[in-house]
Amino acid sequence: MLSVKIDSVPFAISKFIFGTASLFNIGSQKNRQQLLYSAADAGFTHFDTAPYYGFGLAERDLAPLLRARPHVTVTTKVGLYSPGGEKQGDTAVFLRKAAGRLVSLISRPTLDFSRARAKIALEGSLRRLGRDCIDIYTLHEPELALLDTDEWLQWLEACVAHGKVRTFGLALTADKLEPFLASGSALARFVQVADSLGTREADILPRYGKPLQVTYGYVSAARKEDSPQPASEILIEGARRNAHGAIIVSTTRTERLPQYARLAEEAAHAQ
């Protein structure tokens, strides 16, 4: 798969990033491992995860792949945490998610942007991922008003200096992003933001003089708008729109994975 070099990220990543938010939906750990290895075989060199995804299981599922493929890089996040913690097994996660469909509070994430919790969370993510260093570490859906931005910046820069994080930034929606951009926050050195072909939410970045870096949500947004356009065409248009950045995609079907390298090539040739 084609790779891209993004500002503030000190390494190249695959044009399409494999997202693990829905990884648990594929079922057994064996199936999840097969999907992740198949994604790497299909050319994905960067994976996106978070402590909240699968209530800790997504990070743990990535650990064998990260050990076996040292060139593979990963984004994980801080600030949103799993109800019941990140040590739950498959059965506990399944039951909590099922119950959450009836009572949303049971599966709703907890939000904590205290630096004390962040220190614990970083060590937990490193342990679950089986890594000494996280490649990209992002604040997960933060709100500027809830942060002591100077303290966060100092702590994250210290994490980089100590070799626990390679780079850091924000992972959020455009409405939460704008206050960071308007204030000139250095936390927005790297931005992962939801986008769509219709509403073009990520246009907020160039309005503040920043390029699109990592975007996601193109297919799901089109489906909400009842667009009949095939997913492959949506992704090609998304890749053309975010020409110099990368796009997070997700699937639970291994047979769909080989298409992404082709779609990246088609988007590049259409520029």
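By the count of the working numbering, the sequence shown reaches residue 1548 at its end, each step adding exactly one. The C-beta atom is built at its ideal place from N, Cα and C for all residues, glycine as well. Given the structure is predicted, the values throughout are model-derived calculations rather than measurements.
*What are the start and end residues of each continuous beta strand (DSSP E) run of 3 or more residues lying completely inside the stretch 1479–1511, in chain order?*
DSSP runs (the beta strand (DSSP E)) wholly in the stretch 1479–1511: 1491–1493.
*Please work out which residues of its chain come closer than 6 angstroms, Cβ to Cβ, to SER1527, disregarding the five sequence neighbours upstream and downstream, and give them in chain order.*
Taking the first residue of the sequence shown as 1, we reach residue 1527 at position 250. Same-chain partners within the cutoff: GLY1296, SER1299.
_Exposure label - ILE1397; buried when at least 16 CB within 10 Å_ = Counting from 1 along the sequence shown, the entry for residue 1397 is found at position 120. Taking every protein chain shown into account, the CB of ILE1397 has fewer than 16 other CB atoms within 10 angstroms, so this residue is exposed.
*When you compare each of ASN1302, ARG1346, THR1326, GLY1333 to GLY1320 by their alpha carbons, which one comes out closest?*
As a working note, residue 1320 is residue 43 in the sequence shown. Each of ASN1302, ARG1346, THR1326, GLY1333 was checked against the Cα of GLY1320, and the nearest Cα belongs to ARG1346.
*Within the stretch 1333–1362, note down every full beta strand (DSSP E) run reaching 3 residues or more, in order along the chain.*
Counting only runs of 3 or more residues that sit fully inside the stretch 1333–1362, the beta strand (DSSP E) segments are 1350–1355, in chain order.
*Inter-residue Cα distance where the pair is ASP1409 and ASP1425*: Numbered from 1 along the sequence shown, position 132 holds the residue referred to as residue 1409. Numbered from 1 along the sequence shown, position 148 holds the residue referred to as residue 1425. Their Cα atoms are separated by approximately 26 angstroms.
*Excluding the five sequence neighbours on either side, which residues of its own chain have a C-beta within less than 8 angstroms of the C-beta of ALA1465, listed in chain order?*
Residue numbering aside, residue 1465 sits at position 188 when the sequence shown is read from its first letter. GLY1446, LEU1447, LEU1454, PHE1457, LEU1458, LYS1487, listed in sequence order.
*Decide if GLU1400 is buried, meaning its Cβ has at least 16 other Cβ atoms within 10 Å, or exposed.*
On the sequence shown, residue 1400 is found 123 positions in, with the first residue counted as 1. Exposed.
*Taking three-plus beta-carbon pairs below 8 angstroms as touching, is the stretch 1355–1369 in contact with the stretch 1318–1338?*
In this structure the stretch 1355–1369 lies against the stretch 1318–1338, because at least three pairs of beta carbons, one per stretch, are closer than 8 angstroms.
*Please state whether DSSP places ARG1443 in a helix, a strand or coil.*
Within the sequence shown, residue 1443 is the residue found at index 166, counting from 1. In the displayed model, ARG1443 falls within a strand according to three-state DSSP.
*asked:* At the level of alpha carbons, what is the spacing between GLY1461 and ILE1481?
replied: The residue given as residue 1461 occupies position 184 in the sequence shown. The residue given as residue 1481 occupies position 204 in the sequence shown. Distance between GLY1461 and ILE1481, taken at the CA atoms: about 13 angstroms.
*asked:* Spatial neighbours of LEU1313 within its chain, please: C-beta separation below 6 angstroms, excluding the five flanking residues on both sides.
replied: Here residue 1313 is taken as the residue at index 36 of the sequence shown, counted from 1. Once the five neighbours on either side are set aside, the close Cβ partners of LEU1313 are LEU1342.
_Straight-line Cα distance separating TYR1493 from ALA1317_ = Along the sequence shown, read from residue 1 onward, the residue named residue 1317 stands at position 40. Along the sequence shown, read from residue 1 onward, the residue named residue 1493 stands at position 216. One C-alpha to the other measures close to 19 angstroms.
*Count the other C-beta atoms from every protein chain shown that fall within 10 angstroms of the C-beta of HIS1546, then say buried if there are 16 or more, exposed otherwise.*
Indexing the sequence shown from 1 puts residue 1546 at position 269. Result: exposed.
*Best match in ARG1484, SER1473, PRO1483, GLU1532 for proximity to ILE1525 [C-alpha to C-alpha]*: Walking along the sequence shown from the start, residue 1525 turns up at place 248. Here the closest residue by C-alpha is SER1473.
_Quick check on the burial criterion: 16 or more other C-beta atoms within 10 angstroms. Buried or exposed for PRO1483?_
Within the sequence shown, residue 1483 is the residue found at index 206, counting from 1. Exposed is the call here.
*How is TYR1330 classed by DSSP in three states: helix, strand or coil?*
By one-based count along the sequence shown, residue 1330 stands at place 53. Secondary structure of TYR1330 (DSSP, three-state): helix.
*Give the DSSP bridge partners of VAL1468, in chain order.*
For the purposes of this step, residue 1468 is identified with residue 191 of the sequence shown, where counting begins at 1. For VAL1468, which the question treats as bridged, DSSP gives the partners LEU1447.
*What is the DSSP secondary structure of ASP1412, reduced to helix, strand or coil?*
Walking along the sequence shown from the start, residue 1412 turns up at place 135. Under the three-state reduction of DSSP, ASP1412 is assigned to strand.
_Need the endpoints of the alpha helix (DSSP H) that PHE1371 sits in, please._
Residue mapping note: residue 1371 aligns to position 94 of the sequence shown, counting from 1. Where PHE1371 is concerned, the enclosing alpha helix (DSSP H) stretches over 1367–1377.
*What number of angstroms, rounded off, separates the C-alpha of THR1326 from the C-alpha of ASP1412?*
Within the sequence shown, numbered from 1, the residue matching residue 1326 stands at position 49. Within the sequence shown, numbered from 1, the residue matching residue 1412 stands at position 135. The alpha-carbon of THR1326 is positioned some 12 angstroms away from that of ASP1412.
*When THR1353, GLN1311, ARG1500, SER1291 are compared against HIS1323, the one with the closest alpha-carbon*: Along the sequence shown, one-based indexing puts residue 1323 at 46. Ranking the options by Cα distance to HIS1323, first place goes to SER1291.
_Three-pair Cβ contact test at 8 angstroms for the stretch 1373–1381 versus the stretch 1416–1423_ = As far as the Cβ criterion goes, the stretch 1373–1381 does not touch the stretch 1416–1423, which means the pair count is below three.
*What's the call for ALA1541, buried or exposed, on a 16-neighbour Cβ count within 10 Å?*
Indexing the sequence shown from 1 puts residue 1541 at position 264. By the neighbour-count rule (16 or more Cβ atoms within 10 Å), ALA1541 is buried.
*In angstroms, rounded to a whole number, what distance separates the CA positions of ILE1513 and GLY1522?*
Taking the first residue of the sequence shown as 1, we reach residue 1513 at position 236. Taking the first residue of the sequence shown as 1, we reach residue 1522 at position 245. When rounded, the distance between both Cα atoms is 13 angstroms.
*Just the Cα atoms here: how many angstroms apart are LYS1374 and PRO1360?*
The residue given as residue 1374 occupies position 97 in the sequence shown. The residue given as residue 1360 occupies position 83 in the sequence shown. Put simply, the backbone Cα of LYS1374 is about 10 angstroms away from that of PRO1360.
*Among the residues of its own chain, which have a CB less than 8 angstroms from the CB of GLN1311, if the five just before and after it don't count?*
The sequence position of residue 1311 within the sequence shown is 34, counting from 1. The answer, listed in chain order, is THR1531.
*Give the single residue among VAL1491, VAL1281, THR1353 whose Cα lies nearest to the Cα of ARG1404.*
Walking along the sequence shown from the start, residue 1404 turns up at place 127. Nearest of VAL1491, VAL1281, THR1353 to ARG1404, Cα basis: THR1353.
_Measuring only the C-alpha atoms, how far is GLY1407 from ARG1443?_
Position 130 of the sequence shown holds residue 1407. Position 166 of the sequence shown holds residue 1443. Rounded to whole angstroms, GLY1407 to ARG1443 spans 16 angstroms at the Cα level.
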